[in-house]
Structures are given as structure tokens and as C-alpha cells.
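Remarks on the structure that follows.
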Amino acid sequence: MGRFINAKIHVETAIKHKKIFMIQGCYPVIRCLLRRRGWVEKKMVHHQGIILPPSQNDPDSSTLGDSNATDNGEQNKELQAPQVLNFDDFLELDDLNEIHDLMSRMVRNETPYLIWTTRRNVLDCRFLSKDQMINHYARAGSFTTKVGLCLNLRNLPWFDEADADYFFPRCYRLGAEDDKKAFIGKETPCHVPEPLRFLDWEQQASPLILIYLNRFPPCP
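Here it is in C-alpha cells:
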């Protein structure tokens, strides 16, 4: 019973500071570090085709005072006096998974403020509130893809008096015809190793391949 009260206090603190998180997949390091910082996990419900909008509190049930939140054998275990404790020690209990499962039940109707997923299409970002965070960003290809970074370097002279080839190796988008010809040296005097000249680009080169020529001078 004492551990239930301590878990309840811990959950109340997490709710107050908006430290409820949700993780899809097995990320033990992330999960452990968040828990040590006072976050409480809300278990992700695995239903096919589910969309996870911000949930609303259920008025018919108390999040923290649910009578069936403890297991049947909880009262038979050794009691602890409810007192101010070090939550680092509290989370180091032998039945660690049981305690976290208990706290997850307590926050099952709360809104997760940090959502960590393996894929962005797991949920619809349009349903997220301004207080919620997700580890994916929409329309961020200019900074998260190789082609986007390559184009940003090409456009640098429009924003600053700098030459990207001076501080970053010349890069080519092999899916673009002009860049492909420039790389294999058909229209420029660049030196390219012979094996690359006879490569079947149509069959063996991905449109998103980015080549960094660290050993060869940039094309004029």
C-alpha cells in the first residue's frame, strides 16, 4: 500500500509538470533515461490503423484513485510508510516493471506530451496540441535528406557571400542528368576513376545517391 501511495505521488508530480511520454517499439535506453528524469510512460495501444489524438480525461473514473489499479497480491507485500522519498531509489525496486505498469495504468487517460515512434505515419500530427512533441518532423527534407542538403549548399550564394565548395566537398545528385554528366566527366574535365566511368548508372545508381569526392578536385 505504501508503494502505491509513493507511485501516486510520483504520477501526480509527472502530470503537474507534463512529463507523460509514449514510446512505440523497444527503446530501453530512452525509456530508462526519461523515467530517471521523472517521466511516466503511457502505454501505447496497438490497434491496426489507430490514430492517437490527444486524449481527454475520463469523467467516469479517477485517474489516480482507481480501486483496481493495484494487483490482487499488492496488499500482501511488505508495507512502506508513506513519506518523502528519493524517487531514484523508488525506481530501483526489485519489481521495477510492476511499478511502472502500475503508474502507466494511472496515466492511461492522460495526454502524452512526448511521443517517440518508429514511423511518422503512426499518428496524424494535425491532432497534436502545441504542448505535445514527436520525434518526427513533416516537410523537413531540406535538412534531413542528402539531396536537400546538397541543394542547400548549391543555393548558399543567394544568401551569403560564400562558396560551399571551399568548406564542403563537391556533391552531386546522380538522379539529375546534369549532375550525373558532370560527375562522370562528359562535360567537364574532372578526373573520375575508370571503374566509375563504366558504371551502368540507370541500373545501379539510386536517384538519391550522394557522392563526396574527397580525393578529387571540384569541377569548375
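Taking the numbering used here, I'd label the letters of the sequence shown as residues 1115 to 1334.
By construction, the Cβ of each residue, glycine as well, lies at the ideal position given by its N, Cα and C atoms.
Predicted, not measured: the structure shown is a model, and the values here were computed from it.
DSSP three-state call for V1221: helix, strand or coil?
-> coil
Who are the near neighbours of A1128 in its chain, counting only those whose CB is closer than 7 Å to its CB and skipping five residues on each side?
-> I1134, G1152, W1153 and V1154
Using a threshold of 7 Å, state whether the C-beta atoms of K1157 and S1218 are closer than that.
-> yes
Beta strand (DSSP E) containing R1287: first to last residue?
-> C1285 to R1287
Euclidean distance between Cα positions of P1286 and F1297 = What sits at residue 1286 in the sequence shown is Tyr, not Pro. About 7 Å.
Tell me the DSSP bridge mates of A1236?
-> Note that residue 1236 corresponds to Val in the displayed sequence, not to Ala. V1236 pairs with nothing; no bridge assigned.
Check the DSSP bridge columns for V1154 and list the partner residues they point to.
-> I1134
Would you mind reading off the limits of the beta strand (DSSP E) that contains L1228?
-> L1228 to W1230
Nearest-angstrom Cα separation, counted from G1262 out to Y1251 = 15 Å
Run of the alpha helix (DSSP H) containing S1256, from where it starts to where it stops = G1255 to T1258
Straight-line CA distance for L1237 to L1265?
-> 30 Å
Any idea if A1121 is buried or exposed, counting beta-carbon neighbours within 10 angstroms, 16 or more meaning buried?
-> buried
Nearest-angstrom Cα distance between F1118 and W1230?
-> 27 Å
Can you name the start and end residues of the alpha helix (DSSP H) that Y1280 belongs to?
-> A1278 to F1281
Measure the C-alpha to C-alpha separation of N1269 and F1282 and round it to an integer number of angstroms.
-> 14 Å
If you draw a straight line from the C-alpha of M1220 to the C-alpha of G1139, how long is it?
-> 21 Å
Beta carbon of A1278 nearer than 7 Å to that of L1288 = no
Identify the residues that DSSP records as bridge partners of I1119: which are they?
-> In DSSP, I1119 forms no bridge with anything.
Within 10 angstroms of its Cβ, does H1124 collect 16 or more other Cβ (buried), or is it exposed?
-> buried
Classify R1233 as buried or exposed, calling it buried when 16 or more other Cβ atoms lie within 10 Å of its own Cβ.
-> exposed
What does a CB cutoff of less than 6 Å around E1188 pick up in its chain, not counting 5 residues either side in sequence?
-> Caution is warranted here: a pLDDT of 44 is assigned to E1188, below 50, making its placement in the model unreliable, and the coordinate value is therefore given only provisionally. Nothing listed; no residue qualifies.
In chain order, what residues of the same chain have a beta carbon less than 8 Å from the beta carbon of K1132, not counting five sequence neighbours either side?
-> Y1227 and D1245
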